[in-house]
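These notes are about the structure you will find just below.
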Amino acid sequence: MDDVSPGDVSPLLDDLNPAQREAVSAPQGNMLVLAGAGSGKTRVLVHRIAWLMQVERLSPYAILAVTFTNKAAREMRTRLEALLGLSLRNIWVGTFHSIAHRLLRTHWQDARLPQHFQIIDSDDQLRLVKRLLKDHGIDDERYPPRQVQYFISGCKEEGLRPHQVQTHGDAYLGQMVELYERYQLTCERGGLVDFGELLLRSLELLRDNPRLLAHYRERFAHLLVDEFQDTNTLQYAWLKLLAGEQAGVTVVGDDDQSIYGWRGARVENIRRFEQEFKNTHTVRLEQNYRSTSAILDAANALISHNAGRMGKELWTAGVKGEPISVYAGFNDLDEARFIVDTIREKVDEGFHRREIAILYRSNAQSRVLEETLIRQGMPYRIYGGQRFYERLEIKNALAYLRLLLNRDDDASLERVINVPARGIGTRTVEILRERARSQGVSLWQALHDSVGDGTCKGRAGNALSAFANLIERLDNDTAGLRLHEIITHVNEISGLIDHHRNEKGEKGQARVENLEELVNAARAFTQGETPLMQEAGEGAAALEPFLAEAALNAGDHEADEFEDCVQLMTLHSAKGLEFPVVFIAGVEEGLFPHKMSMEEPGRLEEERRLCYVGVTRAMHKLYLTYAELRRLHGKETFQRASRFLRELPEELLEEVRLRGQISRPVTAARSSRGLAQQESVTAGDGLPTLSLGQRVSHPLFGEGVILNAEGQGERARVQVSFEGEGDKWLVLGFAKLTPL
DNA sequence: ACCACGGCAATTTTT
DNA sequence: TTGCCGTGGT
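Numbering (full-length UniProt numbering), first residue to last: 1 to 740.
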């Protein structure tokens, strides 16, 4: 083909705004795209790739695009294919982990891994750690398994192997490092690779194999990374190593939406990128296509309270829109009732339920909301929650499957050696563990040795032999079967199905259904929509990729998407989504910002970013609600409005109350039981005894002094001078005033 | 092997 | 308040 000038591919740039165009058509080289919420980030990424292919003449083979979630990777691929109108087999689009996995699978020998290494998830990892602690008789009070796990993952994320960790003679740290070392040894022996290991191992693979590194550097002319603000130290190092001096790198991110610092994400990678990658071109996408300007103004004002930002101000060519509604419930039930009532109104106005989302800071908040939704017969769906492949029954089934592939997988063996119960008690398992440890062999080997030399005989010995025979039998039986048939067989013969069928309650039923669903998933898997399946056949060869898929892609809980449901989720899981109508519930000090994050300025800023993320999810209408009295950990707690509310410009806010109803008069004595039960109270009984000069507190305006008063009962009005807010007249029946 | 009880803590979550 | 964990009883 002849040279293509930009004019010939203008369709690619046609529907883009100037900033997007700049980002898409920038010459190859390093680029940082600061993409605000709703600014068409994915669009730019996808168009950029198309541009690189069509104008810069890069082969899809030379492009690597990295995301954080499988969902994002899928979406990117789909949209790219739609844009180009062709199917792209040999372009690498995937998560950090799936790409690392791919490298390790291809170069398992160079990576010093067994060919059939298995991926373990954090749940398996935790089990492994617990076992380790027990084996070594280490006090799990001083070394809580979670902390140990956190330590190990943390080290890996920083790229540190045990011998590289500086203990400075600290005994506690020393113990941690030793545990890390033991843990790693166990993984090596069982051919197990955890999530952090995938990344670290592939980094080492490239670092220690100059020829491999040269190969991939030559191959990938351009690397693209999405959600760059979420990268951790290891991912940054990985990217830098792979890019080398030659490749062009495009990273897209938003420092204002960095909400995963607590799990190792380093926002500062954005600045580091600008400094360490040569001649970085920075583009800001600030035009927003999602929200009304009222919502964007609120978001801008809120986030301006953070220091050290890269700087970005969202704007829209669209309408001002409705003000942001703030509702102060007198308790959490009242808050929930307000939300559900309002949703009903919105639905009557013509919104679909699925267009409405309720966001909250912590999962515990969902309960009251759910109860209210159920009571009012409003269909809803909770986003998040337990994933399919993380369910107990599924993990058990997968453990059997893993044993078929690899008898030395101790974690799996231990998981199912006595599930369903077959008379192998903790004592027996302990003996096996002891032996495995002292002789440095796997549990499977220890089992055989113990039965062989009579260490375990009688009842226990028989049970152990029976288990070993079961595994061998399953292996033999399933030879030549297709993947889903293998799983059906294993579910049946292992006794898992019966085990759950006999479980009392509806739980067992659900578990049996899940096991059946696993078979369906396997069938779908072999029918090959998943990338991992390309080469594998339908039978046992598909087992390994299927297990990897299960660990890496823990199952999207996006079922029932067709049902028209109100969407409930945490603010974290809302990132990346948008809804016409958004409620943010529990906007209270201590809850949001969460009390665990209020002390350190850095963490508080992350809370604020989380709020920013929440606000920018809303397209047309945003509601912020809070409760003055909330049941927390079984105790009624007085709550104050969140500081974030006060950081929003007042002229964008509108205080709402239920039509014509007084939700609560200002009562001096609040009997918690009474309040929780009463839906509405007529003002008059139990108004606070307020007097001129008295100090009062208002949830939104803070503290002030009563200057003046007029009227009586619920209509009574008082003039209050608030610190920093000026004088205001407030109706006693409406304003939530608390005497101090 | 299984269940019932008491003590205890209690963000956020992807891979 | 819930839910997890370890303990002790059957």
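Even for Gly, the Cβ is constructed at its ideal location relative to N, Cα and C.
- Here residue 291 is buried. Its C-beta has 16 or more other C-beta atoms within 10 Å.
- For residue 567, the uninterrupted beta strand (DSSP E) segment begins and ends at 566–570.
- Residue environment: residue 584 is assigned as buried (16 or more neighbouring CB atoms within 10 Å of its CB, all protein chains considered).
- Look at residue 292 here: in three-state DSSP terms it is coil, with no helix or strand label.
- For residue 706, the three-state secondary structure derived from DSSP is strand.
- Under the 8 angstroms Cβ criterion, the region 461–470 counts as touching the region 424–436, having at least three qualifying pairs.
- The straight-line gap separating the alpha-carbon atoms of residue 470 and residue 389 is approximately 24 angstroms.
- As DSSP reads the structure, residue 635 sits in a beta bridge with 632.
- Along the length of the region 137–220, whole beta strand (DSSP E) runs at least 3 residues long do not occur.
- Under the DSSP assignment, residue 76 falls outside any beta strand (DSSP E), being part of the alpha helix (DSSP H) whose first and last residues are 70–84.
- Annotation: residue 511 to residue 496 spans about 10 angstroms, alpha carbon to alpha carbon.
- Around residue 173, the same chain offers 167 as residues with beta carbons nearer than 6 angstroms, after the five sequence neighbours per side are excluded.
- Scanning the region 455–479 for uninterrupted alpha helix (DSSP H) segments of 4 residues or longer gives 458–477, listed from N- to C-terminal end.
- Each of 37, 161, 300 and 226 was checked against the Cα of residue 289, and the nearest Cα belongs to 37.
- Here residue 241 is not near residue 647, since their CB atoms are 8 angstroms or more apart.
- Distance from the CA atom of residue 282 to the CA atom of residue 111, rounded to whole angstroms, is 36 angstroms.
- Shown here, residue 305 sits in coil according to DSSP, grouped into three states, outside any helix or strand.
- For the 8 angstroms CB-CB criterion, residue 86 and residue 202 do not form a contact.
- Boundaries of the alpha helix (DSSP H) harbouring residue 25: 18–25, taken from the DSSP string.
- Between the alpha carbons of residue 54 and residue 304 lies a gap of roughly 40 angstroms.
- The region 193–211 makes no contact with the region 32–48; the number of CB pairs closer than 8 angstroms stays below 3.
- Taking a C-beta distance under 8 angstroms as the contact criterion, residue 359 and residue 336 do not qualify as a contact pair.
- If you check the CB distance, residue 522 and residue 493 do not come in under 8 angstroms.
- Counting C-beta atoms within 10 angstroms of its own C-beta, residue 593 has 16 or more neighbours from the protein chains shown and is therefore classed as buried.
- In this structure, the beta-carbon distance from residue 401 to residue 444 does not fall below 8 angstroms.
- Per DSSP, the unbroken beta strand (DSSP E) holding residue 618 starts and ends at 618–627.
- Two segments are said to touch when three or more pairs of C-beta atoms, one from each, lie closer than 8 angstroms; by this definition the region 57–70 does not touch the region 309–329.
- Under the three-state reduction of DSSP output, residue 325 falls in the strand class.
- In this structure, residue 45 sits near residue 224, with a CB-CB distance shorter than 8 angstroms.
- C-alpha of residue 135 to C-alpha of residue 567: approximately 45 angstroms in a straight line.
- Take residue 77, set aside five residues on each side of it, and the residues of its chain with a beta-carbon closer than 6 angstroms to its own are 93, in chain order.
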